[in-house]
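Have a look at the structure below before the remarks.
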Amino acid sequence: MIADTFDAVRALPDGRTYFSLAAAEQAGAGPLRQLPYVTRVLVENVLRHENGRTATADHVRALAVRDASVSVPFFPQRVLLQDASGIPVLADMVTLAERAVELGRDADSVAPRRRMDLVVDHALELDSWSTPTAATANLEREYERHAERYRFLRWAQRRFSHLRVIPPGTGICHQLNLETLADVVTGTPLAGFDSVVGTDSHTTMINGLSVAGWGVGGIEATAAALGEPILLQVPQVIGVRLTGTPKPGVLAADVALTLTALLRDYGVVQRIVEFHGPALSILSVPDRATIANMAPEYGATMGYFPPDARTLDYLAGTARPHRPAAAYLSAQGMLDGDEPEYDDLIEFDLDTVERVVAGPSRPHQVRPISTLGSVDGAVDVGGPVDGAVVIASITSCTNTSNPRAITAAGLLARNASARGLAPAPWTKTSFTPGSHSTAELLSASGLQSHLDAFGFHIAGFGCGTCMGNSGPLPTEIAHQIRGRNIRVSAVLSGNRNFPGRIHPDVVDAYLVSPPLVVAFAIAGRTTIDLDAEPLGRGTDGEPVMLSDIWPSEHDIDCAIESADSPPHTATARRRQAQRLWEDIAFPDGDRYVWQPETGMIRRPPFSDSSLCQPIVAGDILAARPLLILGDDITTDHISPVSRILPASAAGAWLLRGGITAGELGSYSSRRLNHDVMLRGGFANPRLRNKLADRDGGWTRLLPDGPVMAVHDAAAQYQRRNIPAVVVAGRSYGAGSARDWAAKVTRLLGIRAVIAASFERIHRTNLAAMGILPIQCEGLHEVEADQYDIIGIDPERIRNAELTIVARFRGKIVHTASARTRIDSQTESEWLRAGGVLPRILETLDEGGKRHQESANVSDTIISEW
Numbered sequence: 007m008i009a010d011t012f013d014a015v016r017a018l019p020d021g022r023t024y025f026s027l028a029a030a031e032q033a034g035a036g037p038l039r040q041l042p043y044v045t046r047v048l049v050e051n052v053l054r055h056e057n058g059r060t061a062t063a064d065h066v067r068a069l070a071v072r073d074a075s076v077s078v079p080f081f082p083q084r085v086l087l088q089d090a091s092g093i094p095v096l097a098d099m100v101t102l103a104e105r106a107v108e109l110g111r112d113a114d115s116v117a118p119r120r121r122m123d124l125v126v127d128h129a130l131e132l133d134s135w136s137t138p139t140a141a142t143a144n145l146e147r148e149y150e151r152h153a154e155r156y157r158f159l160r161w162a163q164r165r166f167s168h169l170r171v172i173p174p175g176t177g178i179c180h181q182l183n184l185e186t187l188a189d190v191v192t193g194t195p196l197a198g199f200d201s202v203v204g205t206d207s208h209t210t211m212i213n214g215l216s217v218a219g220w221g222v223g224g225i226e227a228t229a230a231a232l233g234e235p236i237l238l239q240v241p242q243v244i245g246v247r248l249t250g251t252p253k254p255g256v257l258a259a260d261v262a263l264t265l266t267a268l269l270r271d272y273g274v275v276q277r278i279v280e281f282h283g284p285a286l287s288i289l290s291v292p293d294r295a296t297i298a299n300m301a302p303e304y305g306a307t308m309g310y311f312p313p314d315a316r317t318l319d320y321l322a323g324t325a326r327p328h329r330p331a332a333a334y335l336s337a338q339g340m341l342d343g344d345e346p347e348y349d350d351l352i353e354f355d356l357d358t359v360e361r362v363v364a365g366p367s368r369p370h371q372v373r374p375i376s377t378l379g380s381v382d383g384a385v386d387v388g389g390p391v392d393g394a395v396v397i398a399s400i401t402s403c404t405n406t407s408n409p410r411a412i413t414a415a416g417l418l419a420r421n422a423s424a425r426g427l428a429p430a431p432w433t434k435t436s437f438t439p440g441s442h443s444t445a446e447l448l449s450a451s452g453l454q455s456h457l458d459a460f461g462f463h464i465a466g467f468g469c470g471t472c473m474g475n476s477g478p479l480p481t482e483i484a485h486q487i488r489g490r491n492i493r494v495s496a497v498l499s500g501n502r503n504f505p506g507r508i509h510p511d512v513v514d515a516y517l518v519s520p521p522l523v524v525a526f527a528i529a530g531r532t533t534i535d536l537d538a539e540p541l542g543r544g545t546d547g548e549p550v551m552l553s554d555i556w557p558s559e560h561d562i563d564c565a566i567e568s569a570d571s572p573p574h575t576a577t578a579r580r581r582q583a584q585r586l587w588e589d590i591a592f593p594d595g596d597r598y599v600w601q602p603e604t605g606m607i608r609r610p611p612f613s614d615s616s617l618c619q620p621i622v623a624g625d626i627l628a629a630r631p632l633l634i635l636g637d638d639i640t641t642d643h644i645s646p647v648s649r650i651l652p653a654s655a656a657g658a659w660l661l662r663g664g665i666t667a668g669e670l671g672s673y674s675s676r677r678l679n680h681d682v683m684l685r686g687g688f689a690n691p692r693l694r695n696k697l698a699d700r701d702g703g704w705t706r707l708l709p710d711g712p713v714m715a716v717h718d719a720a721a722q723y724q725r726r727n728i729p730a731v732v733v734a735g736r737s738y739g740a741g742s743a744r745d746w747a748a749k750v751t752r753l754l755g756i757r758a759v760i761a762a763s764f765e766r767i768h769r770t771n772l773a774a775m776g777i778l779p780i781q782c783e784g785l786h787e788v789e790a791d792q793y794d795i796i797g798i799d800p801e802r803i804r805n806a807e808l809t810i811v812a813r814f815r816g817k818i819v820h821t822a823s824a825r826t827r828i829d830s831q832t833e834s835e836w837l838r839a840g841g842v843l844p845r846i847l848e849t850l851d852e853g854g855k856r857h858q859e860s861a862n863v864s865d866t867i868i869s870e871w
């Protein structure tokens with residue numbers, strides 16, 4: 007049973023019990039009231055799960071005194087999945103159960119014990135757009151493309167009692183998490199703070215609703231769902247004190263992007279940011295969620311907003327129990343408004359924020375809209391030129407949960423239409439809301455019709471453009487781009503604009519607020535100063551400036567207030583989505599029949615004995631670099647999500663297997679085909695490997711071999727028993743929480759990744775796959791073709807000092823000090839076992855004791871749900 011070292015259990019007026027932070031402090035837990043609010047949430051989580059083994063009183067004390075040398079356990083209440091990364095999580099669970107049976111154990115010994123919500127939101131592709139039937143047509147095409155994936159999900163829904171699947175056409179995981187799934191306070195008869203980890207890095211959006219949560223890799227999510235704690239080094243918490251009031255015309259997206267640039271420059275990687283201060287009262291929960299969504303882009307583990315009256319009002323407005331939440335938060339001292347003691351403090355005046363654009367290739371490349379400027383000459387109305395906007399998309403992830411942002415877009419379209427403006431003929435316009443509540447708002451306020459007039463018809467409820475499913479460009483536009491080698495742009499209201507992500511023909515991408523998406527669609531180019539140059543000429547022949555059509559704050563307020571009744575069309579769409587899902591025929595039986603070689607749903611190999619062996623058992627000698635890379639290598643570079651092109655290695659392999667060119671799909675949709683993903687590893691066309699003389703998935707077989715595909719060279723090294731490594735610069739693994747970026751690294755036989763620095767999630771994922779992350783400055787700038795990594799001791803691998811000797815053509819050219827980035831005892835165990843899945847299988851030989859320890863609390867959670 008749960009321990010109670012600090013005698014901290016108290017009762018609420020409604021009869022529920024809870025672990026009182028005040029009582030724990032009085033009983034000797036440490037100065038908890040001085041802690042940042044988010045740290046108090048972590049303390050309560052440990053108190054509620056304290057068992058003297060995986061969660062102890064010492065963990066509580068470490069949090070209280072902010073001992074950064076200690077890693078503490080975090081037991082999320084929920085695991086949030088999206089389909090692209092969630093389906094592999096479920097498949098890994100199925101294969102774990104199969105392996106448990108093979109080992110003579112009960113399959114339920116590796117069954118999930120935490121509530122899992124899987125939202126099917128990453129499969130929407132914009133084949134149809136700018137028509138009233140676009141959403142229906144795209145949903146039907148989605149079901150055709152992903153029939154096998156959805157059959158598997160329907161089967162898994164029945165197989166795992168802890169799993170709820172939210173069907174396609176409903177919305178995206180982040181907005182649904184904000185609007186319906188999260189509770190802030192949860193539990194009966196034992197109350198506690200709601201918490202979540204998700205397989206999408208932007209899970210942090212829920213921090214805007216005062217829920218602790220962040221993105222993890224799929225492998226780590228698997229462990230969490232099985233009842234294992236997430237290990238978190240006691241974090242530094244940076245306070246951001248918000249003051250002032252945004253200028254008219256400045257939206258939450260502008261604040262979020264400006265903070266992204268500020269905090270990325272400040273340096274908040276592996277830290278938590280907590281927002282507070284007098285300006286908090288003017289930021290709605292959707293405003294806060296917009297800022298929190300961008301936490302992965304400014305590098306923080308979380309971007310947390312403490313609970314207050316706004317939090318409770320939002321719960322009430324979305325039909326969730328706000329009074330019990332208020333009683334619990336008050337009892338825990340979370341509503342008193344006292345300023346905590348932070349590890350550092352940043353002052354941020356909202357008055358200083360301008361309307362901004364971020365790009366062309368990173369979310370933190372932020373500048374005022376006036377600085378984009380213009381080029382000599384007018385835009386050729388017959389087709390695109392350099393800087394032309396060929397994609398303008400109001401996308402779901404960051405902004406469509408924000409009523410003011412989306413209303414401003416509708417009003418700007420209305421005002422532009424009244425002046426006779428229209429989108430540029432070469433611009434593909436689309437709108438993919440994150441939930442039906444957004445559609446209801448626009449329809450009830452009468453603004454959707456104005457967006458329709460500009461081609462921003464609803465094209466579906468899912469991620470769409472923001473994760474690369476932007477669909478095809480018009481044929482004549484695509485031919486001009488390729489034939490004339492034009493550098494064109496995308497403008498979207500999302501949170502990621504990495505090279506090659508949005509569309510393979512689009513080099514540059516810019517992040518802006520939803521109304522600015524409409525404005526850029528009208529202008530048709532990014533080479534424009536929107537503050538000084540006209541968007542176009544109206545029907546009266548006069549120039550129309552952005553300031554002429556920008557909606558006032560009063561207009562936005564009035565439009566939101568007028569939208570007081572949900573229309574029947576939104577209800578009909580929801581019913582259609584549910585009906586299509588329930589009509590899917592799925593297999594019967596407890597064992598899933600996996601598809602053959604070129605199928606979408608193949609049995610993943612990561613629980614097989616061949617991949618359940620340690621690959622780092624001592625010094626790594628005479629290792630060849632498979633790739634030598636620069637700074638800012640993202641998970642998009644390592645494991646693309648884009649469409650599979652026929653000329654790619656993966657595309658050619660599928661074509662040889664009988665798949666037609668029109669059925670190749672995307673890497674995202676084929677994540678359960680390891681042969682496809684292997685050939686897609688490091689195959690992003692924007693990747694530059696210093697060992698090859700061309701961009702894309704190429705390398706040179708060392709020492710003097712030819713240039714060949716990365717996966718072919720990796721196979722040759724494995725056949726010759728030559729260890730392979732990757733060498734890179736700063737911020738290796740930035741981007742989405744993509745477990746396949748680590749999985750493909752393991753399949754390629756790479757034993758270690760040596761980088762100047764790592765992004766948090768990918769570093770953890772590497773360790774979870776049994777791959778050794780090593781931090782070493784400057785090695786990627788040394789011309790070398792062989793490395794010795796000396797000092798590796800699997801029994802003392804945590805943050806261990808190493809020496810790396812680099813050679814070129816047999817001669818030593820560089821010797822460097824390095825250290826392992828194995829940051830916790832749990833990660834050490836993963837590495838020694840060969841990864842987290844092998845470690846879970848090892849525990850089966852310990853009599854299932856681990857699962858029994860985690861069952862006490864999690865079984866209660868499930869019965870309540």
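Straight run, no breaks: the sequence shown in the numbering used here ends on number 871.
In this text, a Cβ means the ideal position worked out from N, Cα and C, and glycines have one as well.
DSSP three-state assignment for residue i, whether helix, strand or coil
i           : result
residue 1   : Any question about residue 1 goes unanswered here, given that the chain covers just 7 to 871.
residue 401 : coil
residue 169 : strand
residue 551 : coil
residue 88  : strand
residue 388 : In this predicted model, residue 388 has a pLDDT of only 45, less than 50, meaning its place in the structure is not dependable enough to derive any value.
residue 192 : strand
residue 158 : helix
residue 731 : strand
residue 447 : helix
residue 601 : coil
residue 26  : coil
Limits of the alpha helix (DSSP H) - the one that residue i falls within
i           : result
residue 11  : It is not in any alpha helix (DSSP H) - residue 11 carries neither H nor E in the DSSP assignment.
residue 150 : 140 to 151
residue 374 : No alpha helix (DSSP H) contains residue 374, which is instead part of the beta strand (DSSP E) from 372 to 374.
residue 568 : 559 to 568
Where the beta strand (DSSP E) through residue i begins and ends
i           : result
residue 642 : It is not in any beta strand (DSSP E) - residue 642 instead sits in the alpha helix (DSSP H) that spans 641 to 644.
residue 714 : 713 to 715
residue 793 : 792 to 796
residue 3   : Examination of residue 3 is not possible in this model, given that the chain is present from 7 through 871 alone.
residue 781 : 778 to 781
Residues that residue i bridges to, as DSSP identifies them
i           : result
residue 309 : 279
residue 626 : 795
residue 807 : 825
residue 320 : Residue 320 pairs with nothing; no bridge assigned.
residue 705 : 714
residue 304 : For residue 304, which the question treats as bridged, DSSP gives no partner whatsoever.
residue 820 : 812
residue 631 : 731
Residue environment, residue i, which counts as buried when at least 16 other CB atoms sit within 10 Å
i           : result
residue 615 : exposed
residue 32  : exposed
residue 784 : exposed
residue 634 : buried
residue 152 : buried
residue 315 : exposed
residue 619 : exposed
Inset, instruction - Evaluate the contact criterion for the segment 711 to 724 versus the segment 743 to 762: three or more CB pairs, one atom per stretch, below 8 Å. - result: yes
Inset, instruction - Could you tell me whether the segment 149 to 168 touches the segment 483 to 494, using the rule of 3 or more Cβ pairs below 8 Å? - result: no
Legend entry - Any 3 or more C-beta pairs closer than 8 Å across the segment 221 to 234 and the segment 265 to 272: no
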